[in-house]
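Numbering (our numbering), first residue to last: 170 to 808.
Just so it is clear, CB atoms sit at the ideal spot from N, CA and C, and this is done for glycine as well.
Computed from a predicted structure; not experimentally measured.
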Amino acid sequence: MLRWSIATVTMGGTLESKLTAAARAGFRAVEIFENDLTFFSGKPRDVRARAEDLGLAIVALQPMRDFEGMPEPFRSRNFDRAQRKLDLMEELGADLLCICSNVHEESLGEPERSAADLAELADLAARRGYRIGFEAMAWGRHVKDWMQAWDIVRAADRPNLGLVLDSYHICVRGNPIAPLADLPADKIAMVQIADAPAILMDPMALSRHHRCFPGQGDYPIDDFLEATIKSGYRGPLSLEVFNDQFRGAPANIIARDGMRALQAAGERLDARFVAQGRPPMVIGAPLPQAAKISGIEFIEFAASAAESPRLVALLEGLGFSRVARHRSKDVDLYRQNELNIVVNREQEGFAHSFHLVHGASVCALALRFDDPKRALERANALAAPTYHGRVGPGEAVIPAVAGVENSLIYFMSERTREGGTPSNWDRDFVFVEDSAPAGPLAAIDHLSNVVRRSEFLSWVTFYKAVLGFVDEPQVELADPYGAFYSRVIGSPDKSVRIPINIGDGGATAAARFLETFGGGGVQQIAFSTADLFAFVEQARAAGVSFLKIPDNYYEDLEARFGLPSELLERMRALGVLYDRSKTGEFFHIYTTMFDERFFFEIVERRDYDLFGAANTPVRLAAQALELDSAAGKRALLGG
Ligand code: MG
170 MLRWSIATVT MGGTLESKLT AAARAGFRAV EIFENDLTFF SGKPRDVRAR AEDLGLAIVA
230 LQPMRDFEGM PEPFRSRNFD RAQRKLDLME ELGADLLCIC SNVHEESLGE PERSAADLAE
290 LADLAARRGY RIGFEAMAWG RHVKDWMQAW DIVRAADRPN LGLVLDSYHI CVRGNPIAPL
350 ADLPADKIAM VQIADAPAIL MDPMALSRHH RCFPGQGDYP IDDFLEATIK SGYRGPLSLE
410 VFNDQFRGAP ANIIARDGMR ALQAAGERLD ARFVAQGRPP MVIGAPLPQA AKISGIEFIE
470 FAASAAESPR LVALLEGLGF SRVARHRSKD VDLYRQNELN IVVNREQEGF AHSFHLVHGA
530 SVCALALRFD DPKRALERAN ALAAPTYHGR VGPGEAVIPA VAGVENSLIY FMSERTREGG
590 TPSNWDRDFV FVEDSAPAGP LAAIDHLSNV VRRSEFLSWV TFYKAVLGFV DEPQVELADP
650 YGAFYSRVIG SPDKSVRIPI NIGDGGATAA ARFLETFGGG GVQQIAFSTA DLFAFVEQAR
710 AAGVSFLKIP DNYYEDLEAR FGLPSELLER MRALGVLYDR SKTGEFFHIY TTMFDERFFF
770 EIVERRDYDL FGAANTPVRL AAQALELDSA AGKRALLGG
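As structure tokens, this is what we get:
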């Protein structure tokens with residue numbers, strides 16, 4: 170029976186907590202990594218009882234290393250070891266023992282000997298009703314590719330001996346994937362799934378530290394699953410992910426993310442099969458289809474009464490006007506064109522709690538869906554429960570789910586925008602006369618999330634699986650105080666784009682943000698405008714301060730692009746940055762940071778689709794200077 174499984178090595182903590190987390194996340198099968206038993210307080214049969222209580226089948230014991238093709242006296246010792254493993258399987262109630270290809274320097278590398286050893290072991294196992302699986306490890310001494318392992322398994326020719334197919338080893342070696350579909354199904358003992366980022370690294374180091382869940386890396390996992398299932402294999406599909414960050418995180422979060430990633434992979438697989446005229450292979454309940462997102466309806470800031478006037482002055486400097494006040498709460502709506510910003514000064518409830526932890530900051534976003542009800546059902550099916558806030562009588566109930574650092578993501582309907590003023594706004598807010606003021610800013614271009622390194626992949630899976638976002642390739646940038654990583658994800662129509670950033674290193678801007686902010690969150694909001702220069706002149710006159718860009722930057726620009734000196738001087742005078750792609754040009758500018766927590770970027774795109782990544786080091790260095798001088802001023806003032 171096809172079912173999702175997880176190897177205990179994927180999670181951190183005690184074996185008991187791993188089993189509990191796996192069961193809670195919806196897994197019905199586990200592979201037991203033998204090292205987990207070493208630290209287990211009870212006996213192996215207690216593990217079996219615990220797993221049975223939780224409804225988990227133990228589908229394999231792994232790994233047995235350096236077994237096949239050894240000279241004496243290693244060979245005899247290995248058969249003694251194998252007997253003990255078979256005893257252990259009996260106690261665990263597992264019927265499959267996974268052998269990974271030999272890395273031992275004494276191993277002979279003679280396929281006939283390896284086949285004979287595996288045949289003999291399979292016969293030992295058969296007497297007890299057990300099976301043996303043989304897995305090609307990418308760094309095996311002689312057997313590295315699945316085709317080699319298959320030759321050996323075929324030569325051994327035992328009914329209870331088959332292949333363990335691990336997507337990591339197969340993909341990192343660049344092995345052919347489509348021919349897996351031609352393997353006899355009864356010769357596949359187990360299918361293991363792990364993704365990895367497309368970075369050049371020693372395969373063993375990459376495997377031990379950077380394996381990740383499907384959709385978090387760059388490997389063709391969907392092709393792999395399609396081929397293995399087309400073979401007719403119907404056994405467990407097991408996540409086997411070695412990753413330090415995963416083992417350092419709570420087991421329940423990792424198990425949940427693993428299940429989310431598998432459910433999304435299963436959904437993509439079903440879509441492929443249906444497109445090919447084959448029946449879908451639904452494992453568990455089918456997911457409600459991702460709803461279409463058409464933009465961000467509003468961004469909500471939490472601010473104290475003391476911070477609020479400065480925030481409002483900044484918003485007004487950017488061209489926003491107050492258009493409405495909430496009927497029952499200390500909440501105002503600021504607007505220009507189609508852009509909505511909510512400022513929440515409530516002294517209780519969600520925004521207030523968020524403010525206590527994070528200070529003045531973005532506490533919520535509202536996404537517009539074509540079908541918010543279905544979007545919410547999908548979120549719930551992927552273990553993102555609905556949050557209902559406190560509402561006054563007659564006010565709109567806008568459901569939400571928890572986003573980064575327990576900020577909220579509201580699910581709103583596109584229909585609220587039909588016929589002018591959205592209905593939810595009318596129900597909750599009292600509008601002043603001009604409810605749709607014009608302004609220089611046209612749209613939300615993108616907003617960035619800073620997250621802890623340990624949570625980065627988790628949020629990638631959240632956005633992709635729960636909200637149906639897609640990702641763009643990961644980039645690595647230099648911060649003056651360390652490395653900085655970014656992966657841009659967004660709605661398929663690009664109406665919402667969110668670079669997720671992690672700072673690696675104590676003093677990177679992203680790391681400082683995490684420290685100042687008390688966790689991750691929205692660090693940057695970028696708006697687009699049709700005329701950046703006119704906007705900046707207007708905003709500067711209105712008192713908005715922008716990030717100071719060093720003169721060297723403009724000298725470098727001149728050398729790189731040969732821009733007209735008049736344009737260059739204007740950019741230098743205003744602090745505007747520039748980039749150029751094959752298709753077009755990009756002008757952008759950053760405000761100074763608000764309480765060292767967040768800043769705005771204003772962009773003018775001229776047929777340019779990127780984010781000006783070349784300028785990010787300049788921005789980070791300028792912000793580091795700004796933060797240092799702010800810290801210096803605070804020290805001088807003794808505050
Ligand atoms: Mg494996």
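Within the same chain, show all residues whose beta-carbon is closer than 6 Å to that of Asp387, passing over the 5 residues directly before and after it, in chain order.
Counting only Cβ-Cβ distances below 6 Å, and skipping sequence neighbours, we find Pro366 and Ala367.
Pull up the distance between the alpha-carbon of Leu171 and that of Pro668, whole angstroms please.
Within the model, the alpha-carbon separation for Leu171 versus Pro668 is close to 36 Å.
In the DSSP assignment, the beta strand (DSSP E) including Tyr747 goes from what residue to what residue?
Counting along the chain, the beta strand (DSSP E) containing Tyr747 begins and ends at Leu746 to Arg749.
Listed by chain order, which residues have C-beta atoms less than 5 Å from any heavy atom of ligand 1?
Residues with a Cβ closer than 5 Å to any heavy atom of ligand 1, in chain order: Asp335, Gln361 and Glu409.
Contacts around Gln723, its chain only, beta-carbon distance under 8 Å, and the 5 residues preceding and following it disregarded:
In the sequence as presented, Gln is not what sits at residue 723; that position holds Tyr. Closer than 8 Å at the Cβ level, and outside the excluded window around Tyr723, lie Leu737, Met740 and Arg741.
Would you report the Cα separation of Ala418 and Met180, rounded to the nearest angstrom?
Going by the C-alpha atoms only, they are around 8 Å apart.
CB-CB under 7 Å to Leu616, same chain, minus the five flanking residues each way: which ones, in chain order?
Exclusion of the five residues before and after Leu616 leaves Ile667, Val691, Gln693, Ile694 and Ala695 as the residues of its chain whose Cβ lies within less than 7 Å of its Cβ.
How should Arg621 be labelled, buried or exposed, when 16 other C-beta atoms within 10 angstroms of its C-beta is the threshold for buried?
It is buried - the Cβ of Arg621 has at least 16 other Cβ atoms within 10 Å.
What are the residues that DSSP puts in a beta bridge with Tyr299?
In DSSP, Tyr299 forms no bridge with anything.
Beta-carbon spacing of Leu330, Ile362 below 7 Å:
Contact: no.
Judging by CA-CA distance, which residue of Lys663, Val657 and Arg766 is the nearest neighbour of Gly811?
This structure cannot speak to residue 811, because the chain is shown only from 170 to 808.
Nearest neighbour of Glu185, chosen from Gly211, Ala194, Phe196 and Ser174 [CA to CA]
Comparing Cα positions, the closest option is Gly211.
Can you have a look at Arg537 and say buried or exposed, based on whether 16 or more other CB atoms are within 10 angstroms of its CB?
With 16 or more other CB atoms across the displayed protein chains lying within 10 angstroms of its CB, Arg537 is buried.
Quick one: any contact between the stretch 542–555 and the stretch 496–514, if contact means 3 or more CB pairs under 8 Å?
Contact between the stretch 542–555 and the stretch 496–514 is absent, because fewer than three Cβ pairs lie under 8 Å.
Alpha-carbon to alpha-carbon, Val178 and Ile422
Looking at the backbone, the Cα of Ile422 and that of Val178 are separated by about 14 Å.
According to DSSP, is Phe715 part of a helix, a strand, or is it coil?
When secondary structure is reduced to three states using DSSP, Phe715 falls in the strand class.
Is Leu330 helix, strand or coil when you go by DSSP?
In the structure shown, Leu330 sits in a strand (DSSP, three-state: E or B).
Gly690 bridges to which residues according to DSSP?
According to DSSP, which records beta bridges pairwise, Gly690 is partnered with Val619.
Pairing CB atoms from the stretch 249–262 with CB atoms from the stretch 226–238, are three or more of them under 8 Å?
Result yes; three or more Cβ-Cβ pairs closer than 8 Å.
Scan the stretch 422–473 and note each continuous beta strand (DSSP E) run of 3 residues or more that stays entirely inside, going in chain order.
With a minimum length of 3 residues, the continuous beta strand (DSSP E) runs that stay inside the stretch 422–473 are 462–471.
Taking all protein chains shown into account, do 16 or more other C-beta atoms lie within 10 angstroms of the C-beta of His557, making it buried, or fewer, making it exposed?
In this structure His557 is exposed. Its beta-carbon is surrounded by fewer than 16 other beta-carbon atoms within 10 angstroms.
Could you spell out the range, first to last residue, of the alpha helix (DSSP H) harbouring Trp628?
Start and end: Phe625 to Thr630.
Tell me the rounded alpha-carbon separation between Glu469 and Ser576.
Rounded to the nearest whole angstrom, the C-alpha separation of Glu469 and Ser576 is 10 Å.
Quick check: the Cα distance between Ala728 and Asp603, rounded to an integer number of angstroms?
If I take the Cα positions, the gap works out to 48 Å.
Given that a residue counts as buried once 16 or more other Cβ atoms are within 10 Å of its Cβ, and exposed if not, what is Ala176?
Burial call: buried.
Selected residue, minimal CA-CA separation from Val867, among Gly731, Arg766, Phe715 and Ala699
Residue 867 cannot be examined here, being either before or after the span of the chain that is shown, 170 to 808.
Less than 7 Å between the beta carbons of Ser283 and Glu237, yes or no?
Yes, the Cβ-Cβ distance between Ser283 and Glu237 is below 7 Å.
Considering just the uninterrupted stretch of the alpha helix (DSSP H) at Cys340, what are its terminal residues?
Run containing Cys340: Ser336 to Val341, per the alpha helix (DSSP H) assignment.
Beta-carbon contacts of Leu431 that lie in its chain and below 6 Å, excluding the five residues immediately before and after:
Trp173, listed in sequence order.
Could you give the distance in angstroms between the alpha-carbon of Glu287 and the alpha-carbon of Leu293?
The sequence given here places Leu at residue 287; Glu does not occur at that position. Distance between the alpha carbons of Leu287 and Leu293 is about 10 Å.
Mind checking who Ala571 pairs with in its DSSP beta bridge?
Note: Ala571 sits in a beta bridge opposite Leu577.
By a C-beta neighbour count over all protein chains shown, 10 Å radius and 16 as the cutoff for buried, is Glu773 buried or exposed?
It counts as buried.
Span of the alpha helix (DSSP H) holding His757?
That residue, His757, is in no alpha helix (DSSP H); its beta strand (DSSP E) goes Glu754 to Tyr759.
Quick one: is Leu225 near chain B, going by C-beta distance under 7 Å?
The chain inventory of the structure shown lacks chain B, comprising one protein chain alone.
Can the beta-carbon of Asp364 be found less than 7 Å from the beta-carbon of Thr630?
Not a contact, by the Cβ cut-off of 7 Å.
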